[in-house]
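Chemist:
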Amino acid sequence: LSLGSAFATPAYEAWLQDGRSADSFIGGTFDVDETSIASIKAGTLRFTIDQQAYMQGYMGVMALAIYHMSGEKLAEHAITSGPILRQAAKPKGDACLGTKWSSYAEGTT
8 LSLGSAFATP AYEAWLQDGR SADSFIGGTF DVDETSIASI KAGTLRFTID
58 QQAYMQGYMG VMALAIYHMS GEKLAEHAIT SGPILRQAAK PKGDACLGTK
108 WSSYAEGTT
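When we follow this note's numbering, the leftmost residue of the sequence shown carries the number 8, and every step to the right adds one.
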């Protein structure tokens, strides 16, 4: 698991240079960008976690500002702003990953 796609590709390449098979590499990363989606489609990464950092920070500050100005609460329930697991295909036999929390890279099965 790497902290961004800039670190995931070198980790995959080092894995192969060490003589290990590509199929045995179970790599993932945080954040979604073109490189991580392309790596998922190519099969070099299994998943990426889309954290929605801006939304998580924005919603918290907005809720506090509204409460401070008006005394009203924005929501009594959880605001679903992430994270989202992005992967190539829906895992078989894994009931924990519902479509609410995961999505699949376009053009993959």
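Cβ atoms here follow ideal geometry from the backbone N, Cα and C, with glycine treated the same way. Just so we're clear, the structure is a prediction, and the values are computed from it rather than from any experiment.
Asp-8: buried (16+ other C-beta within 10 angstroms of its C-beta) or exposed?
Modeler: The sequence given here has Leu at residue 8, not Asp. Looking at its Cβ environment, which holds fewer than 16 other Cβ atoms inside 10 Å, Leu-8 is exposed.
Chemist: Which stretch, first to last residue, makes up the alpha helix (DSSP H) that contains Gly-64?
Modeler: 60 to 77
Chemist: Between the alpha carbons of Ala-60 and Ala-29, how many angstroms are there, rounded?
Modeler: 31 angstroms
Chemist: Check whether the region 39 to 49 and the region 10 to 20 are in contact - that is, three or more C-beta pairs closer than 8 angstroms.
Modeler: The region 39 to 49 vs the region 10 to 20: in contact.
Chemist: For a test of the three-state rule: what should DSSP assign to Thr-16, helix, strand or coil?
Modeler: Helix, per DSSP.
Chemist: Shortest alpha-carbon distance to Arg-93 belongs to which of Phe-32, Gly-50, Ile-56, Tyr-19?
Modeler: Ile-56
Chemist: Go through its chain and collect everything with a Cβ distance to Ile-33's Cβ below 8 angstroms, but skip five positions before and after it.
Modeler: Apart from the 5 residues on each side of it in sequence, Ile-33 sits with its Cβ closer than 8 angstroms to the Cβ of Arg-53 in its chain, given in chain order.
Chemist: Contact defined as beta carbons within less than 8 angstroms: I believe Ile-73 pairs with Leu-81. What is the distance between those atoms, to the nearest angstrom?
Modeler: That pair is a contact at about 5 angstroms.
Chemist: Give me whichever residues DSSP pairs with Thr-36 in a beta bridge.
Modeler: Ser-9, Thr-55
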